[in-house]
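Following: one structure in structure tokens, then a few remarks.
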Amino acid sequence: MSSLSRELVFLILQFLDEEKFKETVHKLEQESGFFFNLKYFEDEVQNGNWDDVEKYLSGFTKVNKHCYSMKIFFEIRKQKYLEALDKHDRSKAVEILVKDLKVFASFNEDLFKEITQLLTLENFRENEQLSKYGDTKSARAIMLVELKKLIEANPLFRDKLQFPNLKNSRLRTLINQSLNWQHQLCKNPRPNPDIKTLFVDHSCGQPNGARAPSPANNPLLGPLPKAGGFPPLGAHGPFQPTVPTPLAGWMSNPPQVAHPSVSGSAIGLGGPSIPAALKHPRTLTNPSLDFPTGDSDQMSKRTRPMGITEEANIPIIVLPAAFQGHNSHTQAFSAPDDLPKTVARTLNQGSSPMSMDFHPIQQTLLLVGTNVGDIGLWEVGSREILVLRNFKVWDLSACSMPMQAALVKDPSVSVNRVIWSPDGQLFGVAYSRHIVQIYSYHGADDVRQHLEIDAHVGGVNDLAFSHPNKQLCVITCGDDKTIKVWDAATGARQYTFEGHDAPVYSVCPHYKENIQFIFSTALDGKIKAWLYDNMGSRVDYEAPGRWCTTMAYSADGTRLFSCGTSKDGESHIVEWNESEGAVKRTYLGFRKRSLGVVQFDTTKNRFLAVGDDFAIKYWDMDNTQLLMSVDADGGLPANPRIRFNKDGALLAVSSNENGIKILANSDGLRLLRTFENLSYDAASRTPEAPKPAINNAISAATASATPTSAGLTERVASVGSISGMVSNGDTRNLTDVKPRITEESNDKSKIWKLTEISESSECRSLKLPKNMRVTKISRLIYTNSGNAILALASNAIHLLWKWQRSERNSSGKATASISPQLWQPSSGILMTNDVADMNPEESVSCFALSKNDSYVMSASGGKISLFNMMTFKTMTTFMSPPPTATFLAFHPQDNNIIAIGMDDSTIQIYNVRVDEVKSKLKGHSQRITGLAFSNVLNVLVSSGADQQICVWSSDGWEKQKSKYLPQSLSDTRVQFHQDQIHFLVVHEAQLAIYETSKLDCVKQWVPREASVKISHATFSCDSQLIYACFMDATVCVFTASNLRLRCRINPSVNLSPSVLSNLNVHPMVIAAHPQEPNQFALGLSDGAVHVFEPLESEGKWGVPPPAENASTSNVAAESPARGSGSEQGQR
């Protein structure tokens, strides 16, 4: 077979795989013998489909083709024979012996005789060589390891184990290109060709006056370069990129092109369905530069080839991106239960909402900006407006003269955009007049002015947060045709991007493959992309509709969408093929003429929603047909504003008469009902019910899925802190802003010194009231609201300390300045775990707190107990030992699902509501010591006493990856970073940061003295710090981004001299406050609990080493950092 024919087979294999013709794919692999699918082979072996295994192998080799081939077939048939013997199916075993194994007798007669003799044994394990044969599953797994080695070593499989690296839908791409060529060759090409078959060449019908397209405007031949234009950062064009690092997707490295005049272009490859393409002909073609449209004023400036007197655009001919399959109609008209459709709340803002955004952590906290410049902060669970601020310039004297003049001329101001920062500690407001205001949020109704920036001349049209260079930044765009990047801590302007020819309408920051970039759209329909440098725009495209367009990524950052409305009222929502820079899919179902600009949002990596035609319209991302339309019981404007909360359980929708409706799915309704119940219970016990606060930032997964300009910000928030951050941007532009925080001095000329705290007067510390029955604290956690601390003692008793609102503590949050109450309900009962017949002091204690602080799941060697946190009553007990629970973790998106690590090395996925174990995960060989969920990656990470870390999919609960730790140590704990991509690994001899997908260790810290053991460690709530406690009663504070020690708290601070003399008293566990990054609590082996905060005058724990003293690299550590820094020796 020729080389091209061979490549065609690969293209067909790719097509069949994309279209889900699984059996046909493997049949073609076997018949062609070009590609051996090792994954398919492994699956068939694991499932024991021996006939299919041998049939598949026969396409690549035969028994007598090679010695390795003979060994492969022998191992498979031997396993089949042993399994028959294990089932005591003698007749089947004899059949396999005669038909399958006898062929090997001519090569090794003694071996065949020994195999035959196994028939005479009651149990073949009596044979010495087979004595270690386990069960069927483990035996197959062991055999697979051997088979893979034989296949990889077998020369007959050489070059057949790797599938060629092809772009998606390559065959469809080639067909599209062919159709365009055929259309170009038509004598009388129609502007909207109707192509219904691939069986014959395309040819347009009767002449209709259209003329052949000019090469100057032909998307196939490629355009002529613009004079003075920036070369693209590589996108199928003849130019090389101007910077060495490629930008992912649209800005990938270009191929080497021998003939620039016919360089490949992104012509509708993998585009929308044909009717959609013909209805909205696209002019977005080669990303090298713009193609002019028929009415472009650039037309006359193009060089025309001889003999052509007039230019005309031809539409892009495309095939459907993917066949919908047999269930496409069912899918189009089904109404998934997980979409919010029920009106659960109706709020009145007082003025018309223009922009809304849910808090990234507190799922029921809604930020609203209105048409008169007001901002409101709602707790939708209680229908309470926590904050209402009217528009006001904080410092008019600091504003530019154009802004002052504009406000004098017309004082009316509207909010164009409100948005939360990824961690929920800041929110930004973009106004229709010049300025952006940044507020800091401290829980409940505590909102403070942070920064006021005179950002643009004219309106500020959009606002987003991003983390370039590990530093939180604010991105703005405006009527002055620019995009600007500002330091979120100081307000210093860092970058100004110029290049749009019209007001910039929206921005969408994102990152891929460690490349940070920003998409921007302008009112002339242009889409541009920018890196964080001064090299200009990397791409220049036209959006469908060519007017108001916003862009957004799906929550997992893998799919890009845009939504917009033309000046004529035609609305478009499309998915982009980033690798081609072209529209991949166009969604149908809009009103023919929208009465305004439509807004859209995405949720659950699956659904799109748009406010259109007095309703909310939903699409499945994989289906262009409208999924459903919801009118929210009526009363919606023509184009309502919409915004999902992070989990997609709630949808805020603007309504007529200044209203907001909150739509909910079943999970959202439960969330709101839970809030109502909590509010009622709290109100019945205290004169003033505490207002809601932010949930635990670590367990709630903050940075990854925070909404941006029309969807989501970058998926990962880099390890960077607002507090303690200094400007590394252009400080010459500080006149543009009015800073609201004090810059931290970072004078590198000063000698850095580790902050050492040895006296109680050098920090704030508080010993909590003690229960005399408690001798040792085993587990410790703050409640998610931040106003209480829960401990589990070694004798199975729970302790709860609550802080009350007072004049000295208006927020009611946990603090080291005021002593809390050791709280019990009026009944006087204690939450005490079942201990069965075990001594709880000798068992492993574990507990987990639900996200809404309503329930605690707990175990101390006996049954698992579920307690009501309000009443301390035991709601239920389940899972009698053995095995015994050793670690508990609530699923981050469903409080009814809990992962339970057991002492028999299994992990059980348990549904509390139906009292059923849904899955049992097996992969460890010893008891489970740690569990942590990531709801960004949808995985569960586990650690065990077998020194192993495992990663499990939380969708199907299969094991994805595992890794053994380099040192043989027991109790290992895991905890996810706020970015939900990296996680902390803690055991007695080291701290380490791992990256989840590859399980690479990216940072590591090891004490210099091996005798100093780490007892526990945890991230601060913002993941900027790591608190670690040691067996010698020392506490150390590390900078999380580089694992460098910045502060040490000596035992003398919290232990009296008499206790210090007792060598058995040491910290058992450490816990971080969920909203205050500089507060932590310590549980000791004598039953005491201490709370620590830095002095108010300091505000933080120490100062990080300057750059020259601390590595900021994020690459994996080559070796443990023994003695690599000054703090190592001190520690």
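The sequence shown maps to residues 0 to 1130 in numbering that gives the first Met the number 0.
By construction, the Cβ of each residue, glycine as well, lies at the ideal position given by its N, Cα and C atoms.
If you're wondering where the values come from, they're calculated on a predicted model, not measured in any experiment.
Asked, Found
"Suppose you measure from the CA of Ala-429 to the CA of Ala-443; what does that come to, to the nearest Å?", "23 Å"
"Relative to the C-alpha of Leu-110, which residue among Lys-566, Pro-401, Lys-70 is closest?", "Lys-70"
"Report yes if the CB atom of Ser-431 is closer than 8 Å to the CB atom of Asn-415, and no otherwise.", "yes"
"Do Ala-1016 and Ile-1069 have their CB atoms nearer than 8 Å?", "yes"
"Among the candidates Gly-580, Thr-814, Gly-490, Phe-35, whose CA atom is the shortest distance from the CA of Tyr-781?", "Thr-814"
"Given Phe-1138, which residues of its chain have a CB within under 7 Å of its CB, disregarding the five upstream and five downstream residues?", "The displayed coordinates of the chain run from 0 to 1130. Any statement about residue 1138 would go beyond what the structure contains."
"So, do the region 517 to 536 and the region 493 to 501 have three or more beta carbon pairs nearer to each other than 8 Å?", "yes"
"Just to confirm my understanding: we take Trp-419, look at its own chain, exclude 5 residues before and 5 after, and list those with CB closer than 7 Å. What are they?", "Asp-356, His-358, Pro-359, Leu-366, Phe-426, Thr-705"
"Three or more C-beta pairs under 8 Å: does that hold for the region 860 to 872 against the region 822 to 836?", "yes"
"Can you tell me whether DSSP reads Asn-910 as helix, strand or coil?", "strand"
"So who's on the other strand from Arg-416, going by DSSP bridges?", "Ala-429"
"Please classify Ser-879: does DSSP put it in a helix, a strand, or coil?", "coil"
"Give me the Cα-Cα distance between Leu-821 and Leu-767, rounded to the nearest whole angstrom.", "8 Å"
"Taking the alpha helix (DSSP H) that Asn-46 falls in, what are its first and last residues?", "37 to 46"
"Quick check on Asn-63: does DSSP put it in helix, strand or coil?", "coil"
"What residue from Val-938, Asp-970, Ala-944 has the CA that sits closest to Gly-955's CA?", "Val-938"
"Under the DSSP definition of a beta bridge, which residues are partnered with Ser-952?", "Val-938"
"Ala-1131 lies in the beta strand (DSSP E); which residues open and close that run?", "Any question about residue 1131 goes unanswered here, given that the chain covers just 0 to 1130."
"Would you call Tyr-963 buried or exposed, if buried means 16 or more other Cβ atoms sit within 10 Å of its Cβ?", "exposed"
"List, from N- to C-terminal side, the beta strand (DSSP E) runs of 3 residues or more that fit wholly inside the region 637 to 667.", "641 to 643, 649 to 654, 658 to 663"
"What residues in its chain sit with their C-beta under 6 Å from that of Ala-847, if we drop five residues either side in the sequence?", "Met-856, Leu-887, Ala-888, Phe-889"
"Specify the secondary structure class of Ser-130 as computed by DSSP and reduced to three states.", "coil"
"With H, G and I counted as helix, E and B as strand and the rest as coil, what does DSSP make of Phe-106?", "coil"
"How would you write the range of the beta strand (DSSP E) that Pro-188 sits in, first residue to last?", "Run containing Pro-188: none; DSSP gives neither H nor E here."
"Under a three-way DSSP split, which group does Trp-529 fall into?", "strand"
"So, does the region 598 to 613 touch the region 560 to 571, judging by three or more C-beta pairs under 8 Å?", "yes"
"Starting from the C-beta of Thr-341, find all residues in its chain whose C-beta is less than 7 Å away, skip the five residues before and the five after it, and write them out in chain order.", "Leu-662, Ala-663, Leu-668"
"Taking 8 Å as the threshold (C-beta atoms), are Phe-643 and Leu-650 in contact?", "yes"
"Give the single residue among Asp-1085, Gly-785, Ser-760, Val-1001 whose Cα lies nearest to the Cα of Pro-1093.", "Ser-760"
"In whole angstroms, what separates the C-alpha of Met-869 from that of Gln-803?", "15 Å"
"Report yes if the C-beta distance between Ile-75 and Ala-83 is below 8 Å; otherwise report no.", "no"
"Tell me whether the beta-carbon of Ser-952 lies closer than 8 Å to the beta-carbon of Gly-900.", "no"
"Taking all protein chains shown into account, do 16 or more other C-beta atoms lie within 10 angstroms of the C-beta of Cys-1028, making it buried, or fewer, making it exposed?", "buried"
"Based on the DSSP secondary-structure assignment, which residues constitute the bridge partners of Gly-580?", "Beta-bridge pairing links Gly-580 to no other residue."
"If we call anything under 8 Å between Cβ atoms a contact, is Asn-783 one with Lys-872?", "no"
"To the nearest angstrom, how far is it from the Cα of Glu-22 to the Cα of Asp-99?", "25 Å"
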